[in-house]
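J.: I have a structure here, written as structure tokens, and I will follow up with some questions on it.
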Amino acid sequence: MKKQVGKIIIVAILGILVLELGLYVFFHKKSSTQSFEEMEQASFPVVRVEGSGGSYSDLYGFTDEMETSSIRNTITPLNEERELMLSVYTYGHTIDEVGYQIRSLDGEHLIDDVKLETAKTGETISIPLKLTNLLEENTEYTLIISLNAEQETLRYFNRIIYGKDMHVRDMLDYVLNFSESTFDKKAAEDTVVNVVQIDGSMGEDDFSYINIHSKFNMFTWGSLAPVRTEDPEISIMDISDSQMAVTLNYPIEVTINDQTTTYDVEESFRVSYRSGKIYLPGYERYVKQRVKFQNDAVSNNAISLGIGDGNCSIISSEKGEITAIVYDGQLWSYEYETGVLSCILAYEDNGIANQRRENHSEIQVIDVKTDGTIDFVTYGYRDRGRDEGTVGIYAYRYHPKTDDTEAYIEEMFNIPVNVSEDILKSEFGDLIYLNENDVFYFQYGRGLYSYSMADNQLTNIVTLDTPDAIFISADGNTIAWEEQGEEAYNTKINLLNTATGEVTAKEAEDGTYFQVQGFIQKDLVYGIGRIEDIKEESGVVSSMPMYAVEVLSPQDQQVLNHYEKENIFIVGVTVEENRIVFERISYNEDGSIAEQPQDYLLLGEGTEKTEYVTLTSSTSDVKKKEYALKMKTPDKTINLTVDETVPQFLVKNHYRTLKLEDSITSENCYYVIGFGGENEIKYSMKEAIELANENQGIVLSRDQKQLWKYGTRSAKKELEIEAVDAQGEGDTLQAVIEMIVNYEEIAEQTENTTEEQSAEQLSGEDSALSQLAAAIPYQVVNLAGCDLENVLYYVDLGSPVIVIMGNNSARLITAYTATDITFYDPLNQQFTEMPIKTAETLFERTGNSFISYVK
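Structure representation (structure tokens):
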């Protein structure tokens, strides 16, 4: 019996050994058959569109069908003959055919469609175009250029505008001369001195950013003595017959103690042309040092980043032993124990022409593990590699070097989209998390998603009305969002445990609603308001004060802190690292607002974590403020070293491509474009106009319709509108709407609510917004909370502005001058002229409830 047992044991052991040997051979064979490749450099042709007055735009090609209305890059003005010159930089490609379309900005209307038979080779191909005479003056269009290059169709998008007397050459000459003069202090005395608007807001210790309020010495580079090494690239971002927003990009070199450093410069100008003179109301300049992480750049265990914005992302593993660093389109990993800084992803121009220098993708680190594995995403326009010419989100896993394998990067999945990189970067939020089971949580537009990499399962957890209604805790363990009840107020907070996927809910008491404010570390902060305290005028909500704020532990839904003061209402909440700040008001007996001092709730100490990589700054007399990355090592025997080896990418037979729903992008949003071309999304016109006013920019709807523009309002305007009288206070809204209908000569009031009218605009069946939207065939704009000075823009457009007053009564603004406005009161049956300052005080009492429209 014992012998039989012994034989069985021996056989079992031999079986295990054979199995282990088989597994070893299998996995070793699998490892040895894996193949890797480097990311290919940019190869697609670049198209330069040359227009009036020496203007031009460099365009990059798309391989996918794109949403035309989403792409808003540069604009090229046409000359009076409507001529353009296309210069195609082929980069070795043979161009078989060239064609173009002209469409309306929303992409819905085709103006012209032309095919040009050609088959050309060479470094540069020049193609003259004469565009159709169907173009209307001072109207923007989208020009879509198509190239058939070696059996692949590439599309290039550019805005164009045709207009007479646009003074393009004059304004460009002014911009170029001004830029050149900043390198010569004597010449600058005739240019810079005349435009600076010194107000004390800008210091003299940082060359990375200056603006119109900076001092002369900062404009003219102090004692840096830079040399411009290339002609500026010119990009016109916006233009009309009297204004131009233009950006110049160029490199400079600075030599100090025989050490030469290269910087990239971006200058943005807003110039205006009035009565034969050119003015400069807006100017910004950004400077950033070109940084190469290499051993020659190491000094005292630090790498200098030099002059720049200091925008560096540093994310470490749980105990800090591995740190991921994102800077200027590069991703690096630092290992504390060895003192080695290793390259993960870096875009090098490798001597490629100037058009290829710009990196169009952002990098965001998701997770850093103690073994050196790093999960990250890149998102934006792919200007190189396997998917060159596409826009999308790419999730990667970096596998560090081991005894058996070199470091490599594995693509986990990708999400292609058909919108511009600017919109993608706005829609792909900061909410992104990977749990221990390789379930990836992310937000895109209004949708919250999970993707299980183990079973290749994509799930749309929820789709909300606006993207800013989703919140994530600092540790990533909880995601929260609000849910509306029957009365269209948020009466439920949903809490998603990202470790388990379980969703729990916290319900509001009857007659109350929630306003989530965010997380303070891992705990949720939300306000509580009474529905009866909401201030509303003619269906327009003007105020939603909260009577209390609570801090909740998501794990057990225990209320950790409760803030409430008798007869005090909270109208603003700021969540900081370890305290919550409250903006407070109370109401007088007549219903007017009484401001109350700020208060705050102090919570525990902020969490501390050992940091082995820190961003430091220093200031010198010549270069002013500079940044550096400082690395700690275990002891003095270990010095920082840089491994510049760029990992290769794992080649797969099949790459996972995820398809998101078409409807998840944000319809109820406004795009704010600054005069330098920067793009940001806001979800109310109040916020959008405030930002556009600050940045001297414009506000666009989702379909590229211009809703507001800085600095274009005339000094005065009067609309010829016939009065309509009201019989009672409740009839005044209908009276002013009838005035608008008559003014616009609309034959009858048809139910004209279109898809363009957002849910925000049409909230409430009997609201002023929905009534106006049903009466006119134009896009109604909710201007609640906007300043009076900014809403007068609409009067200048030819659109009167409705003002909702107390007791649901309405007025109609029909005219303004530099000092006064005129509005009609249907109840008193008279036009009233009032000083603007007085009107501001009057309208502020009822929440600045304005409504207008654009055609």
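Mind the numbering: the sequence shown is residues 475 to 1329 in this note's numbering, read in order. For every residue, glycine included, the Cβ atom is placed at its ideal position computed from N, Cα and C.
Which same chain residues, not among the five before or five after residue 676, have their C-beta less than 6 Å away from its C-beta?
T.: 687 and 688
J.: Runs of 4 residues minimum, wholly inside the stretch 631 to 691: which ones carry the alpha helix (DSSP H) assignment?
T.: List check, alpha helix (DSSP H) in window: 642 to 655 and 659 to 662.
J.: In whole angstroms, what separates the C-alpha of residue 1224 from that of residue 1148?
T.: Below a pLDDT of 50, predicted positions are generally treated as unreliable, and residue 1224, at 47, falls in that range; the measurement from the model is reported next regardless. Near 37 Å, if we compare the C-alpha coordinates of residue 1148 and residue 1224.
J.: Taking three-plus beta-carbon pairs below 8 Å as touching, is the stretch 982 to 996 in contact with the stretch 948 to 967?
T.: With the cut-off at 8 Å, the stretch 982 to 996 and the stretch 948 to 967 touch.
J.: Is residue 1170 near residue 756, with beta carbons less than 7 Å apart?
T.: yes
J.: Report the residue from 808, 1174, 800 and 813 whose alpha carbon sits nearest the alpha carbon of residue 821.
T.: Among 808, 1174, 800 and 813, the Cα nearest to that of residue 821 belongs to 800.
J.: Within a Cβ cutoff of 8 Å, which residues of the same chain sit near residue 1135, ignoring the five residues on either side of it in sequence?
T.: 921, 934 and 937
J.: If you draw a straight line from the alpha carbon of residue 760 to that of residue 973, how long is it in whole angstroms?
T.: 42 Å
J.: Can you give me the start and stop residues for the beta strand (DSSP E) that residue 1161 sits inside?
T.: Bounds of any beta strand (DSSP E) do not take in residue 1161; it lies within the alpha helix (DSSP H) bounded by 1159 to 1168.
J.: Alpha carbon to alpha carbon, how far is residue 1321 from residue 651?
T.: Residue 1321 and residue 651: Cα-Cα distance of roughly 46 Å.
J.: Nearest-angstrom Cα distance between residue 532 and residue 560?
T.: 10 Å
J.: Return helix, strand or coil for residue 1236, following the three-state DSSP convention.
T.: Any reading at residue 1236 needs caution, since the residue's pLDDT is 36, under 50, leaving its predicted position unreliable; the model's value is listed next. Residue state, collapsed to three classes: coil.
J.: With H, G and I counted as helix, E and B as strand and the rest as coil, what does DSSP make of residue 1104?
T.: strand
J.: Anyone know if the C-beta pair for residue 882 and residue 1121 falls short of 7 Å?
T.: yes
J.: Under the rule that 16 or more other beta-carbon atoms within 10 Å means buried, what is residue 1308, buried or exposed?
T.: exposed
J.: Of all the options 548, 521, 886 and 1301, which has the alpha carbon lying nearest to the alpha carbon of residue 600?
T.: 521
J.: Look at residue 889 and residue 866 and say whether their C-beta atoms are less than 7 Å apart.
T.: yes
J.: Apply the 10 Å Cβ neighbour rule to residue 700 and answer buried if 16 or more other Cβ atoms are within range, or exposed otherwise.
T.: buried
J.: Can you tell me where the beta strand (DSSP E) holding residue 953 begins and where it ends?
T.: 952 to 958
J.: Taking Cβ positions, are residue 808 and residue 1087 nearer each other than 7 Å?
T.: With a cutoff of 7 Å on beta-carbon distance, residue 808 and residue 1087 are scored as near each other.
J.: Have a look at residue 825 and residue 1158 and give me their C-alpha separation to the nearest angstrom.
T.: With a pLDDT of only 40 at residue 825, under the threshold of 50, the placement of this residue in the model should not be trusted; the figure read from the coordinates follows. Rounded to whole angstroms, residue 825 to residue 1158 spans 45 Å at the Cα level.
J.: Less than 6 Å between C-beta atoms, sequence neighbours within five positions excluded: which residues of the same chain meet that for residue 859?
T.: 513 and 514
J.: For residue 781, name the three-state secondary structure that DSSP assigns.
T.: coil
J.: For residue 917, count neighbouring Cβ atoms within 10 angstroms of its own Cβ and tell me buried if that reaches 16, exposed if not.
T.: buried
J.: Can you tell me which of 812, 1284 and 1290 puts its alpha carbon nearest to the alpha carbon of residue 1109?
T.: 812
J.: Short of 7 Å in beta carbon distance, which residues of its chain neighbour residue 769, apart from the five on each side in sequence? Order them along the chain.
T.: 1115 and 1116
J.: Got a sec, what are the start and stop residues for the alpha helix (DSSP H) residue 1317 sits in?
T.: 1310 to 1318
J.: Quick check on this structure: which residue in 1217, 1270, 1113 and 1123 has the alpha carbon closest to the alpha carbon of residue 772?
T.: 1113
J.: Report, in whole angstroms, the separation of the C-beta atoms of residue 608 and residue 587, which I expect to be a contact under 8 Å.
T.: Actually they do not touch by this definition, with Cβ atoms about 12 Å apart.
J.: Could you tell me whether the stretch 1214 to 1221 touches the stretch 1254 to 1269, where touching means 3 or more Cβ pairs closer than 8 Å?
T.: They do not touch, by the three-pair rule.
J.: Give me the residue from 1062, 1063 and 1046 with the minimum Cα distance to residue 1056.
T.: 1046
J.: When you compare only the Cα positions, how much space is there between residue 891 and residue 627?
T.: 18 Å
J.: For residue 795 and residue 1090, I'd like the C-alpha separation in whole angstroms.
T.: 19 Å
J.: According to DSSP, residue 587 sits in a beta bridge with which residue or residues?
T.: 575
J.: By the DSSP assignment, the alpha helix (DSSP H) with residue 897 in it spans what residues?
T.: Per DSSP, residue 897 belongs to the alpha helix (DSSP H) from 895 to 901.
J.: Spell out a yes or no on whether the stretch 1181 to 1201 and the stretch 1292 to 1310 are touching, meaning 3 or more CB-CB pairs, one atom from each, closer than 8 Å.
T.: yes
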